[in-house]
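Here's the structure we're looking at; comments come further down.
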Amino acid sequence: MEIQSIQTTGTNAAAAAHRGSADKHLIFSLGKEEFGIQVLAIKEIIGMQEVTPVPKMPSHIKGVINLRGQVIPVVDLSLKFMLTPQEYTYRTCIIVVRTRGANGDRLIGAIADGVSEVLTIAQGDIEDSPDFGNGNPTPYLKGIAKVHGKVKLLLDIHEVFRTDSVVGLNFSN
Amino acid sequence: MRDILIVDDSKAMRNFLRRALAMTSMDIGSVLEAENGLDALEKLEKQPVDVIFSDINMPVMDGAVFVGELAKMDTRRNIPVIIVSTDSSAERKAQMQALGAKGYIAKPFSPEALELEVARLMWEADDDED
Amino acid sequence: MLQAVDDLALQVMLKGAAAFRSKAMASILEVARKTSPADFVVEMERLVKLAKAKTLTDEDARNGASALQAILAPPPAPPVPEPAAPVPFEEDAELLNDFVLEAEEHLTSIEERILQLEKDPSLTEAIHAVFRSFHSIKGLAGFLGLDGVQAVAHEVETLLDHARNARVSVDSAIVDLVLEAAEYLKDEVAAVQARLSGSLPPVIRNNVSLLASVRSVNEEVQSGRRAVATAAAAEAATVVAVVAPVAEPVAPVVDTAVTTADVSESSFHEEEEVVAFTLDQEEEDQAAATAIAAQPAVPVEVVKAAPAPVAVVAAPKAVPAPAPSQQEPMRVEVASTSVRVETSKLDRLMDMVGEMVIAQSILMNLSRASANVETRMAGELAQLARITTEVQRCAMSMRMMPIGPLFQKNAKMVRDLSRRNGKKVNLELAGESTELDKTIAEELADPLLHMIRNALDHGIEPPQERLAVGKSEMATLKISAEHEAGQIVVSISDDGRGLNPDKIRNKALERGLIDENQHLSEQEIFHLIFAPGFSTAEKITDISGRGVGMDVVRQHVEHLRGRILIESELGKGTTFYIHLPLTLAIIEGLVIVVGDHRYIIPLFSVREMCRPTEDMLFTVQGQDEMILMRGSLLPLVRLHRRFYIEPKSETITDGLLVVCEFAGKRFCLFVDDLLGRQEVVIKSLDEAFKSVRGLAGSAILGDGRIGLILDVAGIFSQNGFEGLAA
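Given below as structure tokens:
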């Protein structure tokens, strides 16, 4: 909408730049799969560090880390997506993303096996996520893109970290 | 370039005045603020201004006392004081004039009214200088 | 510059050559030397010089002025640009915001002062302050086109002007009017604020009857009829009248006055202009005179009579009021020079200061650990520690505010409520300047309100009942605040019935909150009144409701990490002490360890610690574990079982017992070991963890690692012991 209206009123460098950065995706791997998230949503990428576990949370929520004085939760995406759990290596990193929470912005760390590159994937090159035939749509999958013949799964990071999908199973009783 | 002192216990009212001054075509220098007469006298001791706008009703030292006290300051007695008040009665005007106020503007005022009063006052003051 | 020259040209037209002699020339020249073309400066200097020497003719002056204009604006001269269309004041968000903030301050002060005045009408400086507040609001409203505000503030200002000139004494009817006006203004201000924030504005009630009431009092005062009624009205403390009753024969006049007021009010709105209220004193007098003249029974001369001296007699303590011009400074108020800062910024500052404290303590530990640190460095580190502590204190103090306004908010309620209940209450406030964290003050408002209502409803007896037991008719309710051992203690104390432990116990048994053979200390019995659904009230009033208030109180106070203590003596009265932390940002905690995990237990919920022996452990009904400690049995909670984590050992004698307390209940928490005691900055946990009971937040420990802060109440009532927990 916004972009359209800008286009009709002529060229606008800022808008183009904005569109460009919206197309930029960070590609990272979880096991053998490659995923992409919008660079715009990423605050920083840090190395793996000591995670303080929080009791009574599902296994994919590893706990909390100290990000320069801020306590933020850390999620293991391999476990979250029920892929083969990966050992943490020197390549393992935490992608800190900024997402919407109930009380404003929240920061969440996502553990990835490693980041590979930043790719510009135009909106037009993104295909709808395939219907896996089980009648179970994956809301956090924004679509897929083929780059150099390889498939990248693009994530809607806000959907991935919606609180209701992260909340721990209540073990009490 | 005219330096101005605004004396009013209400910060919002001081802002109104500032805003109104900015809307005029006057060449405004620095604008000082004081919360009451006493505060104003203290500020004036450190720095002279060209015009003073003062409220009447203020705690600690009100406008009437302030005008009187200002007249006692040898170095500052010639600074014209324009009273800004909601009271537009003739008696009040006369009273403040008798105490030494040079101008009188009733609240609420328009930027134009403000400018007119200042212009009138400045040229009068210049005449007195002669 | 062009503007200045145009001004000059205009003056030359009016005054001729003399215009060049004016003082303003010096400054114009000064600016011209810097900014204007050389020929302009030369011409200008020539003219000024001639003028000074009085050799400049008016004709030359006029020509000179046009020449100057021409230099600056070569023909065809562009028209002097009109100043951009100014934003009308009433649409200027910044000014509106200023108004809202200031009006709110004034309204708070009005309530506070007017209630003081009701108690002691001789407080002249309070009258002046209230007068000034209405005056300021009126002045500001004038700019913003807030006609309703202006109208009401104007009438009340007139009324208070009479009061400060001792033409009328402030009785409860006037207090009512002023409070009603303040309520109205509050709504108006809220409406402005709503407009600013784009939210739904509150419904503003009609101000016609309010205006009419104030006006009719004003007219009574002006005509000298008010004074007599005053004394009578002041006596009747329980009268809930908007306007004090007026003596019989005058009543019809009041009606006439009200009608007049109505008419002017409506015309005021139609014309959207300040017509009705620019009437000066004389005209108003005249209006009143006309109204009274319509009544043949009252001679017109009465109106002209000097303000009745009765008003002064009615208030014997009244100090002769000062002259209207206030030649003497009334009261040297220390002008508060303050800056408004967003709380979010303060929070961030507190956060960063917290980090700094930790970084500093890490540095200290490092320097202590390494043997060969230079003494000079150690000295500098100690200096850093002192500075850090000071910065921390300073940052904390920025969040502090006095508790006074909170008390004042309740003062009005006490007044309304005691009247409505037909009780006579003298409210005493103490320690109003005690400062506490802004957030705590805000969160304390509700619990305080409930507790005061509770005291008024249940604690304090009706006058007859008090007289019957030999107490004075007038009850005393005391609300105070003080600092005590790094905490704030707010107490609410009444000299009413007192709590009856037997009655509370029976009621709790009836409600199934406790069982027959449960042994409870007096404190525990008192605390039953905070249990959900408990109410000792025999009569349910619309104010206290059905016992919902008190359990909300406990929740709130515990949420603030505070606790309540009750002292009560049957027949003598009750005192509630609310102990609160100074700040919510920092707590003292015990760092404990269970397996690989470290947790922080807030020190305020820890009573004692001990290494248990085998014989202290008992098992009730084969499952619930209890600890026998100095004769009392306390439930045992093993933290590792609550959190499903691996402990170092299950054996009771290998670990440590921490006796925790909340809501007057105690239990033992079994942990592996104690690591130490530490002051920590509380960080809230992400919303992902909100479902985890037993966690209050997190903190960064001295080594940079995170410790989770335990919520003792949440851990205890998580499962198992719910039945015991009242």
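Protein chains in written order, with UniProt numbering: chain S, 1 to 173; chain C, 1 to 130; chain X, 1 to 726.
Backbone N, C-alpha and C define an ideal beta-carbon position, used for all residues, glycine too.
All of these numbers come straight from a predicted model, not from anything done at the bench.
Legend entry - Chain-ordered chain X contacts of S:E50 [CB-CB under 8 Å]: In the first sequence, counting from the first residue as 1, residue 50 of chain S sits at position 50. Under a criterion of Cβ atoms nearer than 8 Å, the residues of chain X adjacent to S:E50 are, in order, R705.
Inset, instruction - Please say whether X:A67 and X:V12 have beta carbons closer to each other than 8 Å? - result: For this step, residue 12 of chain X is matched to residue 12 along the third sequence. For this step, residue 67 of chain X is matched to residue 67 along the third sequence. Not in contact: X:V12 and X:A67 (Cβ atoms no closer than 8 Å).
Legend entry - Contact set for C:D8: own chain, Cβ-Cβ below 6 Å, skip 5 residues either direction: Against the second sequence, residue 8 of chain C aligns to sequence position 8. For C:D8, where only same-chain residues beyond five positions count, the Cβ hits under 6 Å are R14, D55.
Inset, instruction - Could you work out which residues of chain X lie near S:A110, taking near to mean beta carbons separated by less than 7 Å? - result: Here residue 110 of chain S corresponds to residue number 110 of the first sequence, with the count starting at 1. Close to S:A110, with beta-carbon spacing below 7 Å, lies no residue of chain X; the smallest spacing is near 12 Å.
Legend entry - Counterpart residues of X:R630 in DSSP-defined beta bridges: Here residue 630 of chain X refers to the residue found at position 630 of the third sequence. The partner list for X:R630 (beta bridge, DSSP) is empty, contrary to what the question assumes.
Inset, instruction - Take the Cβ of X:I127 as the centre, count every other Cβ of all protein chains shown within 10 Å, and call the residue buried at 16 or more, exposed below. - result: As a position in the third sequence, residue 127 of chain X is number 127, starting the count at 1. Around the CB of X:I127, 16 or more other CB atoms lie within 10 Å, so the residue is classed as buried.
Inset, instruction - Could you pull out every residue in the same chain whose Cβ sits closer than 7 Å to the Cβ of X:T613, ignoring the five residues on either side in sequence? - result: If you number the third sequence from 1, residue 613 of chain X lands on position 613. So the qualifying residues of the chain are T653.
Legend entry - Burial state of S:C93, where buried means 16 or more other Cβ atoms lie within 10 Å: Translated into the one-based positions of the first sequence, residue 93 of chain S becomes position 93. With 16 or more other Cβ atoms within 10 Å, it is buried.
Legend entry - Rounded straight-line distance, which links the Cα of X:Q69 to that of X:V5: For the purposes of this step, residue 5 of chain X is taken as the residue at position 5 of the third sequence. For the purposes of this step, residue 69 of chain X is taken as the residue at position 69 of the third sequence. Taking the straight line joining both Cα atoms gives about 6 Å.
Legend entry - Run of the alpha helix (DSSP H) containing C:M96, from where it starts to where it stops: For the purposes of this step, residue 96 of chain C is taken as the residue at position 96 of the second sequence. Residues 90–99.
Inset, instruction - Drop a sphere of 10 angstroms on the beta-carbon of X:N365, count the other beta-carbons inside from all chains shown, and report buried for 16 or more, exposed for fewer. - result: Position 365 of the third sequence, counted from the first residue, corresponds to residue 365 of chain X. Counting other Cβ atoms within 10 Å of its Cβ, X:N365 stays below 16 and is therefore classed as exposed.
Inset, instruction - Determine the direct distance from the alpha carbon of C:V67 to that of X:K412, and round the result to whole angstroms. - result: Reading the third sequence from its first residue, position 412 is the one you call residue 412 of chain X. Reading the second sequence from its first residue, position 67 is the one you call residue 67 of chain C. Those two C-alpha atoms are separated by around 39 Å.
Legend entry - Counted within 10 angstroms of its Cβ, other Cβ atoms place X:S136 as buried (16 or more) or exposed: If you number the third sequence from 1, residue 136 of chain X lands on position 136. X:S136 counts as buried, since no fewer than 16 other beta carbons sit within 10 angstroms of its beta carbon.
Legend entry - CB contact check: X:F99 to chain C, cutoff 8 Å: Here the question's residue 99 of chain X lines up with position 99 in the third sequence. Taking a beta-carbon distance threshold of 8 Å, X:F99 counts as an interface residue toward chain C.
Legend entry - Contacts of X:H135 in chain C (Cβ-Cβ under 8 Å): For this step, residue 135 of chain X is matched to residue 135 along the third sequence. For X:H135, the C-beta contacts it makes with chain C under 8 Å involve N57, T86, in order along the chain.
Legend entry - Alpha-carbon spacing of S:Y88 relative to X:A699, whole angstroms: Residue mapping note: residue 88 of chain S aligns to position 88 of the first sequence, counting from 1. Residue mapping note: residue 699 of chain X aligns to position 699 of the third sequence, counting from 1. For S:Y88 and X:A699, the distance between alpha carbons rounds to 26 Å.
Legend entry - Alpha carbon of X:I492 to alpha carbon of X:A531, nearest angstrom: Within the third sequence, the letter at position 492 stands for residue 492 of chain X. Within the third sequence, the letter at position 531 stands for residue 531 of chain X. X:I492 and X:A531 have their C-alpha atoms roughly 19 Å apart.
Inset, instruction - Pull up the distance between the alpha-carbon of S:F28 and that of X:I600, whole angstroms please. - result: Within the first sequence, the letter at position 28 stands for residue 28 of chain S. Within the third sequence, the letter at position 600 stands for residue 600 of chain X. For S:F28 and X:I600, the distance between alpha carbons rounds to 36 Å.
Inset, instruction - Please report how far the alpha carbon of X:E522 lies from the alpha carbon of X:P501, in whole angstroms. - result: Taking the third sequence and counting its residues from 1, the one referred to as residue 522 of chain X is at position 522. Taking the third sequence and counting its residues from 1, the one referred to as residue 501 of chain X is at position 501. X:E522 and X:P501 have their C-alpha atoms spaced approximately 7 Å apart.
Inset, instruction - Would you verify that the beta carbon of C:A113 is, or is not, closer than 8 Å to some beta carbon of chain X? - result: Mapped onto the second sequence, residue 113 of chain C falls at position 113. Taking Cβ atoms only, chain X never reaches closer than 8 Å to C:A113, which makes this a no.
Legend entry - chain S within 8 Å of X:Y644, Cβ atoms only: The sequence position of residue 644 of chain X within the third sequence is 644, counting from 1. Answer yes: the Cβ-Cβ gap between X:Y644 and chain S drops below 8 Å somewhere.
Legend entry - Identity of the residue in X:D494, X:V490, X:A481 nearest X:E461 by Cα: Taking the first residue of the third sequence as 1, we reach residue 461 of chain X at position 461. The shortest C-alpha separation from X:E461 is found at X:D494.
Inset, instruction - Please list, in chain order, all residues of the same chain as X:F99 whose beta carbon is under 7 Å from its beta carbon, the five residues on each side excluded. - result: On the third sequence, residue 99 of chain X is found 99 positions in, with the first residue counted as 1. Correct list, in chain order: L140, L144, V192.
Inset, instruction - Could you please give the first and the last residue of the uninterrupted beta strand (DSSP E) stretch that includes C:M13? - result: Counting from one through the second sequence, the residue named residue 13 of chain C turns up at place 13. Where C:M13 is concerned, there is no enclosing beta strand (DSSP E), although the alpha helix (DSSP H) it sits in stretches over 11–23.
Inset, instruction - Just the chain C side, please: which residues come within less than 7 Å of X:G422 by C-beta, in chain order? - result: As a position in the third sequence, residue 422 of chain X is number 422, starting the count at 1. Result: empty, since nearest Cβ-Cβ is about 39 Å, beyond 7 Å.
Inset, instruction - Just the C-alpha distance for C:A113 and X:E687, rounded to the nearest angstrom, thanks. - result: Counting from one through the second sequence, the residue named residue 113 of chain C turns up at place 113. Counting from one through the third sequence, the residue named residue 687 of chain X turns up at place 687. One C-alpha to the other measures close to 57 Å.
Legend entry - For X:V203, the three-state DSSP class (helix, strand or coil): Within the third sequence, numbered from 1, the residue matching residue 203 of chain X stands at position 203. In the structure shown, X:V203 adopts coil according to DSSP, grouped into three states.
Inset, instruction - Give every residue of the same chain whose Cβ lies closer than 7 Å to the Cβ of residue 246 of chain S, excluding the five residues on either side of it in the sequence, and list them in chain order. - result: Any property of residue 246 of chain S remains undetermined from this structure, which presents chain S solely from 1 to 173.
Legend entry - DSSP state of X:E646 mapped onto helix, strand, coil: Position 646 of the third sequence, counted from the first residue, corresponds to residue 646 of chain X. Coil at X:E646, not helix or strand.
Inset, instruction - Compare the beta carbon distance of X:L560 and X:F526 with 8 Å and say whether it is the shorter of the two. - result: Here residue 560 of chain X refers to the residue found at position 560 of the third sequence. Here residue 526 of chain X refers to the residue found at position 526 of the third sequence. No, Cβ-Cβ distance for X:L560 and X:F526 is not below 8 Å.
Legend entry - chain C contacts made by the stretch 137–169 of chain X, where a contact means CB separation under 7 Å: For the stretch 137–169 of chain X, residues whose beta-carbon sits nearer than 7 Å to a beta-carbon of chain C comprise K138, G139, L140, G142, F143.
Inset, instruction - Could you tell me which chain X residues have their CB closer than 7 Å to the CB of C:F16, listed as they occur along the chain? - result: One-based indexing of the second sequence puts residue 16 of chain C at position 16. Using a Cβ-Cβ cut-off of 7 Å, C:F16 is close to F89, L95, F143 of chain X, given in chain order.
Legend entry - X:A19 (DSSP reduced to helix, strand or coil): Taking the third sequence and counting its residues from 1, one reaches residue 19 of chain X at position 19. Helix, per DSSP.
Legend entry - Own chain partners of S:R100 with C-beta closer than 8 Å, once the 5 adjacent residues on each side are dropped: Numbered from its first residue, the first sequence carries residue 100 of chain S at position 100. Hits under 8 Å: R106, H158.
Legend entry - One or two residues paired with X:H597 in a DSSP bridge: Position 597 of the third sequence, counting from 1, holds the residue named residue 597 of chain X. X:H597 is bridged to X:V594.
Inset, instruction - Compute the Euclidean distance between the alpha carbons of X:R419 and X:M474, then round it to the nearest angstrom. - result: Residue numbering aside, residue 419 of chain X sits at position 419 when the third sequence is read from its first letter. Residue numbering aside, residue 474 of chain X sits at position 474 when the third sequence is read from its first letter. For X:R419 and X:M474, the distance between alpha carbons rounds to 12 Å.
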